[in-house]
Every structure is written in structure tokens, then in C-alpha cells.
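Accompanying notes for the structure given below.
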Amino acid sequence: MIPLKETTLFSETQLKVLSRLAVKDVRDIFYYLPRTYIDRTMRLDLRTAHSGDYVTVVGTIVHSEMRFAGKRRFTAKIDTNGFTVYATFFNAGSYLQKALVVGQEIACWGKLDVYGGRLSFMHPEWELLTQDKAKHTGRIVPIYRITEAMRKSFLTVRTLSEKIEECLNRYASRIADYLPKNYISRYNLLPMADAIRKVHFPQSIDETEDARRRLAFDELVLFSVLNEEKKAAIRKIDKGFSLRIDTTTKKEIDNLINALPFKLTRDQEKAFETLEKNSEALYPVNHLLMGDVGSGKTLVALLVALVYMRCDAQVAYLAPTEILARQHYQSFLNILPKGSFEGIELLLGKDGAKERRAKLERLSRGESYLAIGTHALLQDDVQFQNLRFIIIDEQHRFGVEQREKLRAKGKNPDLLSMTATPIPRTLTLAYYGDLEPIYIKEKPKTRIKIDTRILSEEMLGGIYNSVKKYVSQGRQVYIVYPIIDESENSDMASLLSEYSVLEKTVFPDLRLGLLHGRLTGDEKESAMQKFREGLIQVLVATTVVEVGIDVPNANVMIIRNPERFGLSQLHQLRGRVGRGEHQSFCILVEPDKITPEGKERLSAMAKTDDGFELAQIDFELRGPGETTGLKQSGASEFRVADLRRHAALFEKARELLVEMPQIQTQLAALKNIRQTLEKGLVLFGN
Ligand code: ADP
Ligand code: MG
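Residue numbers for the sequence shown follow numbering that gives the first Met the number 0, beginning at 0 and rising by one.
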């Protein structure tokens with residue numbers, strides 16, 4: 000690496016300021032990427048801009064003043080093609096007064112605001128453009144993030160871009176591209192040195208896209224190398240156990256499957272076979288089982304659990320709520336022959352001390368083989384004799400630490416994570432590089448398609464009438480609100496404010512129940528139990544009902560302010576109905592005020608009931624972080640790559656590593672790939 004100091008282009012102060020931003024050498028400065036560009040041939044017409052827009056304007060300062068009333072406030076009035084905008088700075092230093100003088104041409108970028116009745120930028124970033132027209136006209140000007148400290152040390156957008164250009168002139172020829180020429184052309188990429196030049200000094204906006212595509216590719220390659228390393232490290236672990244299914248167990252499982260009231264779907268069979276086969280590995284295997292709501296993941300998990308149990312291994316099955324933990328426990332008892340429930344423990348937070356102690360003893364002595372439970376499973380006093388397999392249901396409900404805590408109770412146990420929020424393939428690769436994905440796409444044949452409708456709030460009267468109709472036919476109904484009471488947000492329908500109206504005026508003859516997050520565990524449990532038994536006909540709830548609840552008799556799901564929910568959440572909510580033999584409905588009650596993006600989500604819901612398709616749409620509308628509760632994973636830290644746009648590129652990066660393992664070795668030999676990933680991949684030759 001070439002330290003910036005060596006270039007003699009920067010003053011001591013500038014070096015210090017930059018090094019605080021982790022910009023220490025030429026590679027770092029090459030990767031100090033423009034945040035945006037000004038196309039000097041294009042000028043924004045402010046007449047079409049609105050408060051709240053992020054814009055760049057270029058204009059002339061026609062007036063400026065410094066005020067000292069209370070806080071120091073500096074304002075520059077900027078004329079852009081006859082339209083006026085103000086740039087306002089509080090606690091402004093006098094350098095602003097000196098720099099932003101009348102007659103100067105200035106570029107400002109930031110969020111438009113209305114301040115004192117005038118269209119203004121508050122603390123915009125800015126750059127003077129008056130002198131040196133040769134550099135800054137007729138070309139696309141890179142705009143860098145400039146901190147206050149940088150500005151004070153005379154590193155402005157312009158001086159910085161000049162220095163970067165000088166660095167490029169001197170050192171670009173020494174950039175060594177790790178990628179062989181045939182791959183550069185096969186994937187239609189720019190050579191590294193070109194990409195670096197064009198990302199800073201493009202001839203056109205298109206060129207910036209090409210440049211970023213190349214840098215994104217490198218990022219994705221490095222990311223994949225990291226993933227491969229992680230996987231390789233796992234393969235080196237000897238878990239000291241390997242699943243061996245003997246003929247007796249095989250027969251037992253076949254019998255259980257044959258005794259079910261339904262046939263396994265082909266995807267369930269395949270998932271079971273894959274899990275069983277992969278678990279014969281000598282290293283710990285991690286799987287992510289993705290299957291839409293109601294696709295029958297639980298059963299697959301229980302069958303695999305049984306195989307482990309029959310191999311004298313213990314299994315832990317973690318569920319996010321007591322309701323679900325009970326449900327799984329019950330499901331397991333249901334599939335086992337009558338009476339053979341010994342060795343299966345249900346661990347809940349509310350277990351009495353004595354009861355709990357007895358269960359824990361049986362587990363720690365290895366007398367019990369399966370522990371199904373909530374967070375109660377994670378506590379320190381829960382110990383196993385020989386924990387080899389962990390199942391995590393609705394895995395996005397749990398954090399990494401919780402998973403690790405459970406894992407630490409075993410001896411490098413195998414892991415099966417399950418989710419009903421299918422994750423697009425690209426994301427699976429990015430976020431779960433060490434997890435083998437298994438998909439259950441097929442749904443049980445018995446499922447009838449849910450009729451989803453978007454109706455306006457004016458139609459609530461009619462909606463309530465059909466609720467009465469279905470309840471009179473013996474069905475049950477959910478009404479879901481985004482918030483509990485109005486104090487959270489007065490623009491939305493809230494559960495508590497409407498509940499009394501529903502109870503007293505709308506449905507005086509029906510039996511209503513309440514379910515929301517502020518109830519105690521027992522209250523929630525009792526509401527659910529009553530709903531399950533049909534004692535409650537209309538369950539008025541928040542998203543507490545979202546996770547996994549299975550009441551086949553309920554056939555109407557009404558969602559208020561559905562635009563407030565993400566697609567996967569809406570899909571989960573909808574999945575609460577359509578579980579029995581009755582035609583089911585999901586009514587999305589659309590308010591008058593709704594954003595175009597919100598509208599798009601609702602129409603996606605009406606259009607398809609395929610969770611995979613919805614996950615893909617959600618991903619495209621909202622980006623990876625929002626989609627799946629994956630924010631905690633590392634991959635959202637990509638600097639250039641955008642998985643929405645670069646999905647295909649990601650596949651290519653992985654293909655490259657398979658075809659050219661020597662590249663993997665070469666990059667893995669970099670002192671610290673993670674750091675390189677964070678800083679950017681520029682290698683220098685001589
Ligand atoms: P999820 O994948 O959402 O966790 P569950 O495992 O809770 O779904 O299954 C939903 C319901 O479907 C359960 O009542 C289960 O008994 C039932 N089920 C599972 N597999 C099948 C199948 N192959 N055919 C019919 N019903 C099934
Ligand atoms: Mg489930």
C-alpha cells in the first residue's frame with residue numbers, strides 16, 4: 000500500500016483528518032467514493048421540486064447575510080434560473096461568510112425544506128464552482144461527503160477531487176487486477192483501474208453505473224470468499240457424532256407417516272430426506288428450512304427430531320411463543336402412537352419450580368430426549384447430557400446470541416432453522432452463506448386459495464355484515480390493528496379505541512375477544528384458548544396473532560391499515576386463515592391516505608398468495624434489511640453492491656470462485672479479507 004503521506008499531496012492536518020475517517024493510503028482514497036454526481040449540463044428546475052426532496056441545485060449567490068440573534072445564522076440566497084432557494088446554516092463559522100459571497104456560482108445538495116416560509120436547504124453540502132471552469136463545466140462532477148473537519152482543513156469537494164485525480168494519474172497504472180481478462184470480458188466488467196477512474200471521473204452517468212458494477216462484483220467476490228472460509232472452518236469441526244438411521248427406526252418412521260391422516264407432500268419428503276442424509280456428515284450441519292405458511296414444516300422437523308432421538312441423541316426445539324411451543328408439543332404427541340410420550344418435555348416460562356426441576360433433571364441425566372420450549376430453554380440451568388440437534392422455529396424471531404446460547408448447550412449440535420418468511424435466493428446466499436437452504440414450495444393439496452380483497456374504509460359497514468354472516472354459519476373471524484391505542488399514532492385505527500365500538504354497537508350479539516402485546520402471558524394464552532375452543536367468535540388483535548397460530552375454523556382475516564405492515568407480515572397474517580375446509584377471505588381495509596409504495600404492496604397481496612413471490616416483491620420494494628428481519632447480519636454493510644440490482648452479479652461472483660479456486664486462494668491470502676471487504680479491493684503491483 001502507498002501511504003497518503005508519501006504522495007506529498009496532503010498537508011499534515013489533512014492527513015490527520017483523513018486518517019480519522021480511516022483513509023490512510025492511496026487505496027483508501029480511491030475508495031472514498033463519490034456519494035453523487037452533478038451533471039453540469041443538467042439543471043434541476045426548482046419549480047417541480049418539493050419540500051422533502053433530496054436535490055442538487057446549481058445557481059448564483061445573489062444575497063447573503065449573517066445574523067446574530069440568539070444563534071449565529073448565515074443565509075445565502077441563491078438564484079437558479081430565475082427561481083430562488085435559500086441555504087441556511089446555524090452556528091455558522093465566519094468562513095462561510097467569507098466563502099459564500101454574492102456573485103459566486105454554487106452547487107448545493109441536500110434535503111429541501113420550508114423555513115420561514117421560504118424554500119430552503121438547512122445545512123446543505125455545498126461547493127463553489129466559479130473558478131476553474133475548465134474542470135467543472137462540461138463534465139460530470141463527483142460530489143464527495145465532506146465533513147466539517149475536512150472543510151476546515153481545506154479539503155473541499157473540489158480540492159479532494161483534484162487530489163484523487165492526481166493519485167489516479169500517478170498510481171492507476173500500478174493497480175493490479177486479480178481478475179483474469181477472459182472473466183472481465185465474459186462478465187462484461189470494467190478492468191479494475193478503469194472502474195476506479197470512472198467511478199470518480201465518469202464521462203456519463205452510465206459510466207458510473209458500469210464502474211460501480213465492477214466494484215460491486217469485487218465486493219461480492221470477497222464476500223463469497225469469506226463465506227467459503229466460514230464453511231471450511233465448520234467442515235473441520237468433528238462433531239463426534241453422525242446420524243445413522245437403522246432399519247427399525249426406518250420402519251417406525253414409515254409407519255408413523257402411513258398413519259397420518261394425509262399424505263406428505265413431495266417437498267416435505269424431499270426436505271426430510273435431505274436433512275437425514277446431510278446429517279450423516281461428521282461436521283455440524285446447518286440448514287435453513289423455508290416453507291410458506293402452512294406448508295407443513297413442523298412435521299418435517301418432528302420426523303427428523305425422532306431420528307436423532309432414536310440415535311440416542313437429545314433434541315431441543317425452540318419456539319418463539321408459548322402458544323406455538325404447546326402446539327408443537329401437541330403435534331408431536333399426535334403423530335406418535337398413543338401413550339408413547341415419555342422422554343418429551345415441554346418447557347415454559349411459567350412452569351412451577353418443582354415441575355421445572357424435575358424436567359431439567361430428566362434432561363440433564365439424558366432420560367428425556369426432546370425439549371420443546373420457549374425462551375425458557377435458553378436459561379443457564381437447562382442442561383443436556385447429549386444435545387445433538389437444535390430446531391429453531393420462526394428463526395427470524397430470535398437473535399444470533401440466542402441461537403448460540405442454545406448451541407453452546409450441546410456438543411457442536413446440528414442446527415435446523417425454519418422460517419415461513421421465505422428469503423429470496425440471493426439473500427439466502429448473502430446472509431446465510433453457512434446455512435444450506437431447503438425449500439418447501441408445494442403446499443398440501445387440501446388448501447383452498449384464500450380470496451384476498453382490497454376494500455376502502457367506507458365499506459366497513461358491508462364488511463361487518465359479512466362478518467355477522469360467517470359467524471352465523473359457525474365460522475370465526477380475526478380483526479387486526481397495527482396499533483393498540485391512539486397515543487401511538489392518531490392517523491390510524493387503533494385496537495382499543497375501536498374495540499368498545501365493535502363490542503357495543505357493531506357486534507352486540509357476538510362474543511368478542513381481545514389479544515394484544517400488553518396482556519400478560521396468561522391472559523394471552525386464555526384468549527387464544529377460548530378462540531381455539533370457539534368461545535370467542537371475533538378475535539380483535541394486534542400482530543400477536545401473526546406467528547404460527549392454527550385455528551382451522553377461522554376463515555375471515557380483516558386487516559386495518561394494512562399499508563402499515565410489510566408484505567411478509569401481511570402474508571403471515573393472511574396465513575392464519577385458509578387452514579380448514581372453508582373458503583377463506585382476507586380483507587385489506589385500505590385508508591384514503593396511502594403511499595404509492597403502500598398501494599403496490601396491497602395489490603401484490605391481492606395478486607398472489609405465493610410467499611416466495613411476495614418475498615421477492617418485498618425485497619425489491621424495500622431492500623434486504625427491511626425484508627426479513629435480517630438487519631443484524633453482516634451483509635447489509637455492502638458499500639457498493641446492492642443485492643436488489645446485483646443479484647445476477649452475485650451468482651457470477653460465486654461461479655467465479657467455483658471455476659477458479661486459485662482466485663479464492665489468492666484473495667484468502669490477503670491479510671484480512673474482512674477488512675479488505677470493508678475498505679475495498681484495490682491491489683497494487685509494482
Ligand atoms: P408451517 O409450515 O406454517 O409451520 P405447520 O407445520 O404448522 O405449517 O402445518 C400446518 C397444518 O398443516 C398443520 O395442521 C399440519 O398438521 C398440516 N399438514 C402438514 N403436512 C400436511 C400435508 N402433507 N397434508 C395436509 N396437511 C398437512
Ligand atoms: Mg410453523
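Backbone N, C-alpha and C define an ideal beta-carbon position, used for all residues, glycine too.
Here V299 really is in contact with Q267; their C-beta atoms are around 5 Å apart, less than 8 Å. Taking 9 Å as the cut-off, the Cβ atoms of V314 and I389 count as close. C-alpha of L14 to C-alpha of K23: approximately 8 Å in a straight line. Taken through DSSP and simplified to helix, strand or coil, K76 comes out as strand.
Residue nearest to I557 within the set G574, S567, V546, D549 is G574 (criterion: CA-CA distance). Taking a cut-off of 8 Å for Cβ pairs, the stretch 96-115 and the stretch 0-20 do not touch, as fewer than three such pairs fall below it. Residue environment: T264 is assigned as buried (16 or more neighbouring CB atoms within 10 Å of its CB, all protein chains considered).
Each of G577, P561, H581, E279 was checked against the Cα of A603, and the nearest Cα belongs to P561.
Per the coordinates, the alpha-carbon of F397 lies some 33 Å from the alpha-carbon of K337. Beta-bridge analysis with DSSP links A540 to V479, L514.
The alpha-carbon of R643 is positioned some 29 Å away from that of V588. The beta carbon of D392 sits closer than 8 Å to at least one heavy atom of the ligand MG. Under the three-state reduction of DSSP, C585 is assigned to strand. The distance from the Cβ of R26 to that of Y143 is about 16 Å, inconsistent with a contact at the 8 Å cut-off. When distances are taken from the beta-carbon of D209 to the heavy atoms of the ligand ADP, even the shortest one reaches 8 Å or more. When the five nearest sequence neighbours on each side are left out, the beta carbons in the same chain lying within less than 8 Å of the beta carbon of K678 are those of A21, R26, D27, Y30, in order along the chain. A407 has its CB no nearer than 8 Å to any heavy atom of the ligand MG. Here D549 has Q326, R578 as same chain residues with Cβ atoms under 7 Å from its own Cβ, once five neighbours each way along the sequence are excluded. In the same chain as E619, and ignoring 5 residues on each side of it, the C-beta atoms closer than 8 Å to its own belong to R643, in chain order. Taken in chain order, the unbroken stretches of beta strand (DSSP E) that lie wholly in the stretch 410-434 and span 3 residues or more are 413-418.
A distance below 9 Å separates the beta carbons of A106 and E126.
Non-local beta-carbon contacts of D450 in its own chain, meaning distances under 6 Å to residues more than five positions away in sequence, involve F584 in chain order. Cβ neighbours of A175 within its own chain (closer than 7 Å, five residues either side excluded): L682, F683, G684. From the listed residues R559, A75, D392, the smallest Cα separation to L454 is found for R559. Apart from sequence neighbours up to five positions away, the residues of its chain that approach V639 with a beta-carbon distance below 6 Å are R211, L214, A215, E218, ordered along the chain. For F89, the shortest separation between its Cβ and any heavy atom of the ligand ADP does not lie below 8 Å. For V61, the three-state secondary structure derived from DSSP is strand. Contact annotation: P319 and V479 have beta-carbon atoms that are not nearer than 9 Å.
Between V539 and S465, the C-beta spacing is not below 9 Å.
Put simply, the backbone Cα of K269 is about 11 Å away from that of L288. The beta-carbon distance between D413 and P283, rounded to whole angstroms, is 6 Å. This is short enough to meet the 8 Å contact definition.
S184 sits exposed, since fewer than 16 C-beta atoms from the chains shown fall within 10 Å of its C-beta. With a threshold of 16 other beta carbon atoms within 10 Å, R563 meets it and is buried. In the structure shown, S203 adopts coil according to DSSP, grouped into three states.
Relative to the ligand MG, L501 has its C-beta separated by 8 Å or more from all heavy atoms.
In terms of CA proximity to G372, E321 leads the group E321, R243, R356.
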